[in-house]
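K.L.:
Using my numbering, the first residue of the sequence shown is number 12, and each one after it goes up by one.
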Amino acid sequence: MTNSLHGRTILLIISGGIAAYKSLDLIRRLREVGARVRCVLTQAGAEFVTPLSVAALSEEPVFTDLFALSDGQAMAHIRLSRESDLVLVAPATANLIGKMAHGLADDLASAVLLANDKPLMIAPAMNGAMWSHPAVQANVATLRQRGVAVIGPGKGLMACGEEGEGRMVEVAAIVEAVTAHFAVSGPLAGKRVLVTSGPTYEPLDPVRFLGNRSSGKQGHAIAAALALSGAETILVTGPVALPDVSGVRTIHVESAREMLAACEAALPCDIAVCAAAVADWRAADTASGKLKKGTGAPRLDLVENPDILATLAQSCPRRPRLVIGFAAETESVHDNAKSKLQRKGCDWLVANQVGTDKVFGKDDNQVTLLRRNAQDEVTADPWPSQSKTDVARRLTEEVVAFFNHSP
Ligand code: PMT
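Next comes the structure, spelled out in structure tokens:
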């Protein structure tokens, strides 16, 4: 089973038609391919499926009431679409389609749809005469014109006993349409990328750790840019305060050894970008209870952590085609970065000069891209100071050019 919707959040709006029973299966199928599914159930929808079954299958609270101020539902009509990657209405009744076409918002579902700023798909379901009615057809045409994707409806025997066009298409067809929507075609489509980001925390005792100031902004921006270029992207991140990147499979770890294990499990891949600030050392022993004051400062014996970048760069025969490291240096940036590039065996290295008030946690970065060729010669390309998002975009363009030249 592919995880093609991993990292995607689908907001499913279930309106009131007999086909609503299929939405329960739809929730299950979307989740099977990795999506998080949050649901809005209209009052009429709740006549066909219960909030309890929707909540049980989605493992999320179900949203029903425009005016609820409890259970985290306040302002849900704005929040719900903002927190989703796609809004899907299935089944979409003639009534809800009409409200969408005319901008009405008298319940939570229609208010969510009016406030929606995300791609929208609808799977109409109604009696054939209703579907072919000029009013419904005009409403659907209006929605299509606004860029709404209409899935179906199908033809066949309907719940009312009549035959015709108006049946909600099968669940598999809806899942296929949603998957196709996210199947990014881009210059890196078909490539699998591993990105590391953030700091690692090395425990000293149950409450203390050795860590560093990495926020994950640079690594996460790189994962986002690579995913937008069509690469299947796996992000292994240490503890950060950032949200997961949409469309990126994110694995959360704490320590360097956990990060290494997650990276090795992600192989094989075509590209590895090690932007994480991995702790070089960890405590030789982790105290099982909290270290106590009063008997003098504890002695800390440190041992070296495994080097993830070097391990990936030397992981023959599973070595990624292109291994990119980072170097965080406080002085002699070029010389230190050059020797790191050669010592660790990666192909490229992105060098940045760090300090207590530089790069770590900031939005901008000034980097130099060092490349090592087959003869072990190193070239350096300094880039201007720019946002971490722009660094990520430019690095992605370099990766695309690399694969264009040596596919
Ligand atoms: O997260 P931000 O706040 O946005 O900050 C971005 C950043 C400064 C963390 C980022 O731009 C950066 O420089 N990341 C690498 C930080 C680092 O650990 O550099 P280093 O010079 O110590 O390590 C060199 C390379 O070896 C890095 O690719 C690092 O991921 C890797 N390494 C280091 C030690 C280790 N045990 N295993 C490793 O894989």
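All residues carry an ideal CB built from backbone N, CA and C; glycine is no exception.
(1) From this set, F74, A362, L107 and G177, which residue's C-alpha is nearest N150's C-alpha?
(2) What number of angstroms, rounded off, separates the C-alpha of L278 from the C-alpha of E388?
(3) Would you call N376 buried or exposed, if buried means 16 or more other Cβ atoms sit within 10 Å of its Cβ?
(4) Taking 6 angstroms as the cut-off, is the C-beta of C285 nearer than that to any heavy atom in ligand 1?
(5) Going by beta carbon distance, what residues of the same chain come within less than 8 angstroms of S26, once the five residues before and after it are set aside?
(6) Taking 6 angstroms as the cut-off, is the CB of Q229 close to at least one heavy atom of ligand 3?
(7) Which residue wins for smallest C-alpha separation from C280, given the options D255, A286, P254 and R330?
(8) Any heavy atom of ligand 1 inside 6 angstroms of the beta-carbon of G336?
(9) Which word fits I38, buried or exposed, when buried means at least 16 other C-beta atoms lie within 10 angstroms of its C-beta?
(10) Helix or strand or just coil, what does DSSP make of P418?
(11) Look at the alpha carbon of L168 and the alpha carbon of G175, and state the distance between them as a whole number of angstroms.
(12) Between the Cα of A235 and the Cα atoms of I185, T248 and G258, which residue gives the shortest distance?
(13) Indicate, with yes or no, if ligand 1 has a heavy atom lying under 6 angstroms from the CB of A276.
(14) Taking 7 angstroms as the CB-CB cut-off, is F78 touching chain D?
(15) Entirely within the region 21-52 and at least 3 residues each: give me those beta strand (DSSP E) ranges in chain order.
(16) Would you kindly work out how many angstroms separate the C-alpha atoms of E70 and A412, rounded to a whole number?
(17) Between the alpha carbons of R224 and E181, how many angstroms are there, rounded?
(18) Mind the definition here: the region 235-248 touches the region 196-208 only if three or more C-beta pairs lie below 8 angstroms; say whether that holds.
(19) Pick out the complete alpha helix (DSSP H) segments inside the region 164-200, 4 residues or longer, and give them in chain order.
(20) Please classify E213: is it buried, with 16 or more other beta-carbons within 10 angstroms of its beta-carbon, or exposed?
(21) Look up W457 in the DSSP assignment and give the residues it is bridged to.
(22) Given 8 angstroms as the limit, is there contact between the region 281-301 and the region 311-322, that is, 3 or more CB pairs closer than that?
(23) Please classify K421: does DSSP put it in a helix, a strand, or coil?
(24) Taking the alpha carbon of D401 as the reference point, which residue from G230, M137, I335 and N127 has its own alpha carbon closest?
(25) Ligand 1 and S226: does the residue's C-beta get closer than 6 angstroms to at least one heavy atom of that ligand?
(26) Ignoring anything shorter than 3 residues, give me the beta strand (DSSP E) runs that lie fully in the region 311-388, in order along the chain.
(27) Can you round the beta-carbon distance between R383 and Q364 to whole angstroms, since I take them to be within the 8 angstroms contact cut?
(28) Have a look at K110 and T341 and give me their C-alpha separation to the nearest angstrom.
(29) Quick check: the Cα distance between E409 and I282, rounded to an integer number of angstroms?
(30) Check each candidate in A348, L381, K301 and N127 and name the one with the smallest Cα separation from I21.
(31) Does the beta-carbon distance from D374 to S396 come in below 7 angstroms?
(32) Taking the straight line between their C-alpha atoms, what separation do you get for F414 and A286?
(33) Using 7 angstroms as the threshold, is the C-beta distance between A391 and K355 below it?
(34) Going by DSSP, what residue range makes up the alpha helix (DSSP H) through I6?
(35) Which residues bound the alpha helix (DSSP H) around P62?
P.N.:
A quick look at the data gives this:
(1) Residue mapping note: residue 150 aligns to position 139 of the sequence shown, counting from 1. Here the closest residue by C-alpha is L107.
(2) Indexing the sequence shown from 1 puts residue 278 at position 267. Indexing the sequence shown from 1 puts residue 388 at position 377. Those two C-alpha atoms are separated by around 28 angstroms.
(3) On the sequence shown, residue 376 is found 365 positions in, with the first residue counted as 1. Classification of N376: buried, given that the 10 Å Cβ count is 16 or more.
(4) On the sequence shown, residue 285 is found 274 positions in, with the first residue counted as 1. Result yes, Cβ under 6 angstroms from ligand 1.
(5) Walking along the sequence shown from the start, residue 26 turns up at place 15. Closer than 8 angstroms at the Cβ level, and outside the excluded window around S26, lie T53, A55, G56, V100, P102, A103, T104, N106, L107 and A120.
(6) Among the ligands in the structure shown, ligand 3 does not appear; only ligand 1 can be found there.
(7) Counted from its first residue, the sequence shown places residue 280 at position 269. It is R330 whose Cα lies nearest to the Cα of C280.
(8) The sequence position of residue 336 within the sequence shown is 325, counting from 1. G336: yes, Cβ under 6 angstroms from ligand 1.
(9) If you number the sequence shown from 1, residue 38 lands on position 27. So I38 counts as buried.
(10) Start at 1 with the first residue of the sequence shown, and residue 418 comes out as number 407. Coil, per DSSP.
(11) For the purposes of this step, residue 168 is taken as residue 157 along the sequence shown, with counting starting at 1. For the purposes of this step, residue 175 is taken as residue 164 along the sequence shown, with counting starting at 1. For L168 and G175, the distance between alpha carbons rounds to 7 angstroms.
(12) The residue given as residue 235 occupies position 224 in the sequence shown. With distances taken between Cα atoms, A235 lies closest to G258.
(13) As a working mapping, residue 276 is identified with position 265 in the sequence shown. Checking every heavy atom of ligand 1 against the Cβ of A276, none is found closer than 6 angstroms.
(14) Chain labels in this structure do not include chain D; a single protein chain is all it has.
(15) 47-52
(16) Taking the sequence shown and counting its residues from 1, one reaches residue 70 at position 59. Taking the sequence shown and counting its residues from 1, one reaches residue 412 at position 401. Roughly 43 angstroms separates the two Cα atoms.
(17) Numbered from 1 along the sequence shown, position 213 holds the residue referred to as residue 224. Numbered from 1 along the sequence shown, position 170 holds the residue referred to as residue 181. Each residue's Cα considered, the two are about 50 angstroms apart.
(18) yes
(19) 182-193
(20) Counting from 1 along the sequence shown, the entry for residue 213 is found at position 202. Classification for E213: buried.
(21) No answer is possible for residue 457: the residues shown for the chain start at 12 and end at 418.
(22) yes
(23) Because the chain is modelled from 12 through 418, residue 421 falls outside the range shown and cannot be assessed.
(24) As a position in the sequence shown, residue 401 is number 390, starting the count at 1. Selected option, being the one with the closest Cα: G230.
(25) Position 215 of the sequence shown, counting from 1, holds the residue named residue 226. For ligand 1, at least one heavy atom lies less than 6 angstroms from the Cβ of S226.
(26) 313-315, 333-340, 359-364 and 378-383
(27) What you label residue 383 is simply residue 372 of the sequence shown in a count that begins at 1. What you label residue 364 is simply residue 353 of the sequence shown in a count that begins at 1. At roughly 20 angstroms, the Cβ-Cβ gap does not stay under 8 angstroms, so R383 and Q364 are not in contact.
(28) By one-based count along the sequence shown, residue 110 stands at place 99. By one-based count along the sequence shown, residue 341 stands at place 330. So the two alpha carbons sit approximately 60 angstroms from each other.
(29) As a working mapping, residue 409 is identified with position 398 in the sequence shown. As a working mapping, residue 282 is identified with position 271 in the sequence shown. Each residue's Cα considered, the two are about 12 angstroms apart.
(30) Taking the sequence shown and counting its residues from 1, the one referred to as residue 21 is at position 10. It is N127.
(31) Sequence index remark: in the sequence shown, residue 374 carries index 363 (1-based). Sequence index remark: in the sequence shown, residue 396 carries index 385 (1-based). No; because the gap between Cβ atoms is not below 7 angstroms, this pair is not in contact.
(32) Against the sequence shown, residue 414 aligns to sequence position 403. Against the sequence shown, residue 286 aligns to sequence position 275. One C-alpha to the other measures close to 20 angstroms.
(33) Translated into positions along the sequence shown, residue 391 becomes position 380. Translated into positions along the sequence shown, residue 355 becomes position 344. No, the pair does not count as a contact, with Cβ atoms beyond the cut-off.
(34) In this structure the chain extends from 12 to 418, so residue 6 is not present and cannot be described.
(35) Against the sequence shown, residue 62 aligns to sequence position 51. P62 to S69 is the span of the alpha helix (DSSP H), which, as asked, contains P62.
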